[in-house]
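Q: Residue numbers (my numbering): 130 to 378.
For every residue, glycine included, the Cβ atom is placed at its ideal position computed from N, Cα and C.
Keep in mind the model is a prediction, meaning the values are calculated, not measured.
Encoded as structure tokens, here's the structure I'll be asking about.
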């Protein structure tokens with residue numbers, strides 16, 4: 130649903146207020162007068178230029194001194210592509226928070242300064258960070274009973290998806306006095322006939338193709354695929370093979 134002019138005006142006000150609040154919180158009160166003028170000058174420009182792209186809220190990271198990070202890849206913004214309601218934005222700076230499944234945009238002001246925004250997940254169709262592509266299940270699959278961002282591995286008679294995640298470990302000791310984030314974990318899924326099935330364990334994959342179980346085992350051995358640690362290319366090849374022998378195509 131498109132925002133009305135009054136709603137957009139309110140968004141502009143809230144956007145500016147939140148940035149000013151952040152400046153005060155982080156002890157930059159002495160620069161506020163200059164920032165006020167700049168923010169009022171540029172808030173209109175940000176919203177009028179790419180209202181769709183910046184449709185979200187200010188992002189304030191938490192647990193910044195914990196060991197590790199909640200992000201996909203390195204703890205830094207990477208150049209990528211985001212598609213919002215069918216419109217593609219290239220060369221944008223993105224982070225993907227795996228703990229809370231939020232996509233974060235670093236938007237540039239004309240002055241060269243930046244604001245960090247959590248994009249509205251309901252509006253994001255897909256995005257790329259580096260060579261990794263993510264889709265929004267809500268917009269990609271009509272009438273599906275699952276949501277969130279997934280990597281699309283294979284699409285044929287069924288769809289194979291990967292879901293990445295990290296969690297915060299509230300364990301405080303000499304090694305992690307401020308807690309820590311787990312290493313990135315991945316879950317594999319097959320979406321078929323309107324149903325999402327977890328195939329993270331190799332046994333689950335084999336059970337999904339009971340008639341072709343022996344052939345699939347041979348394929349995994351022949352190509353030396355470490356199933357749980359497989360990269361996207363190897364997983365794609367495996368799913369393509371599973372599809373071909375199960376459908377006879």
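Let me know the secondary structure DSSP gives residue 314 once reduced to three states.
A: In this structure, residue 314 counts as strand in the three-state DSSP scheme.
Q: I'd like the span of the alpha helix (DSSP H) that includes residue 269, first residue to last.
A: Element bounds for residue 269: 266–269.
Q: Can the beta-carbon of residue 379 be found less than 8 Å from the beta-carbon of residue 254?
A: One cannot answer for residue 379 here, as it falls past the ends of the chain, which runs 130 to 378.
Q: How long is the line joining the alpha carbons of residue 185 and residue 249, rounded to whole angstroms?
A: The alpha-carbon atoms of residue 185 and residue 249 are separated by roughly 5 Å.
Q: Report, in whole angstroms, the separation of the C-beta atoms of residue 238 and residue 244, which I expect to be a contact under 8 Å.
A: 7 Å
Q: Apart from the five residues just before and just after residue 231, which ones in its own chain have a Cβ nearer than 6 Å to its Cβ?
A: 247
Q: Alpha carbon to alpha carbon, what distance is there between residue 302 and residue 329?
A: Taking the straight line joining both Cα atoms gives about 32 Å.
Q: Please name the residue, chosen from 359, 335, 321 and 197, that lies closest to residue 315 on a Cα-to-Cα basis.
A: 359
Q: I'd like the span of the beta strand (DSSP E) that includes residue 238, first residue to last.
A: Taken as a continuous stretch (DSSP letters only), residue 238 belongs to no beta strand (DSSP E), as it is neither H nor E.
Q: Are residue 363 and residue 354 closer than 8 Å when you measure CB to CB?
A: yes
Q: Of the choices 256, 261, 372 and 225, whose alpha-carbon is the least far from that of residue 217?
A: Residue 256 is the option with its Cα nearest to residue 217.
Q: In chain order, what are the residue ranges of uninterrupted beta strand (DSSP E) at least 3 long that sit wholly in the segment 257–311?
A: With a minimum length of 3 residues, the continuous beta strand (DSSP E) runs that stay inside the segment 257–311 are 261–265, 278–284 and 288–294.
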